Amino acid sequence: MANNKKKTLTPVQQEYQELQKQREAKRPVVRNCVNAFLVGGLICVIGQAIQYFYIFFFDFTERTAGNPTAGTMIFIAMILTGFGVYDRIAQFAGAGSAVPLTGFGNAVISAAIEHRSEGFVLGVGGNMFKLAGSVILFGVFSAFIVATIKTLLTQWGGL
300 MANNKKKTLT PVQQEYQELQ KQREAKRPVV RNCVNAFLVG GLICVIGQAI QYFYIFFFDF
360 TERTAGNPTA GTMIFIAMIL TGFGVYDRIA QFAGAGSAVP LTGFGNAVIS AAIEHRSEGF
420 VLGVGGNMFK LAGSVILFGV FSAFIVATIK TLLTQWGGL
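Letter by letter, the sequence shown follows residues 300 to 458 of the numbering used here.
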């Protein structure tokens with residue numbers, strides 16, 4: 300396919316394409332993967348430390364410490380996004396910063412910050428969940444389906 304497309308180009312265009320290939324910056328794929336792995340892992344370690352904090356100091360169990368941990372991680376990501384720190388982390392780590400909880404917090408607050416000049420109701424309120432709204436929708440819908448199935452199975456004596 301690429302060769303067929305190349306044949307239809309004029310000689311000047313072909314020469315330009317060769318020049319572009321020579322001058323194109325090589326992407327450090329391995330280094331980017333290592334950065335993403337390390338930063339994503341560090342975010343998860345911080346989340347685990349926060350969960351242990353809730354378990355040891357607030358008498359949560361392993362099952363119940365998940366919700367306040369998730370809320371805390373989202374809050375931290377929102378604060379860091381508001382101060383512009385999360386953007387620098389994301390630029391360094393790439394996909395490693397998109398760990399679901401912190402990525403969600405970043406997506407929500409980024410849209411809110413971007414549209415704050417339009418006002419609080421139409422700007423911030425109307426655009427805050429543009430990116431994260433589909434995640435919330437599918438999460439709530441999936442939880443509803445699973446809860447309905449579990450309820451039906453429990454009512455029929457299956458569980």
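Cβ coordinates follow ideal geometry from the N, Cα and C atoms, glycine included. Quick caveat, the model's predicted, so the values are computed rather than measured.
Proximity winner among the options, relative to residue i (alpha-carbon distances)
i	options	result
residue 353	341, 367 and 345	367
residue 331	443, 390 and 381	390
residue 431	456, 442 and 399	399
residue 381	349, 409 and 439	409
residue 407	418, 427 and 416	427
residue 395	324, 341 and 312	341
residue 411	429, 444, 370 and 402	429
Limits of the unbroken alpha helix (DSSP H) element including residue i
i	result
residue 325	Looking at the DSSP string, residue 325 is not in any alpha helix (DSSP H), and its letter there is neither H nor E.
residue 437	432-454
residue 381	365-381
residue 359	Careful: residue 359 lies outside any alpha helix (DSSP H) and carries neither H nor E.
Chain C contact for residue i (CB, 8 Å cutoff)
i	result
residue 354	No chain C appears in the structure shown, which is made up of a single protein chain.
Cβ shell of residue i (< 6 Å), same chain only, five flanking positions each side left out
i	result
residue 364	350, 353 and 354
Residue i beta carbon near the ligand ATP (any heavy atom closer than 7 Å)
i	result
residue 414	The ligand ATP is absent from the structure shown, which contains no ligand whatsoever.
Cβ separation of residue i and residue j, assumed to be a contact under 8 Å, to the nearest whole Å
i	j	result
residue 316	residue 308	7 Å
residue 376	residue 401	4 Å
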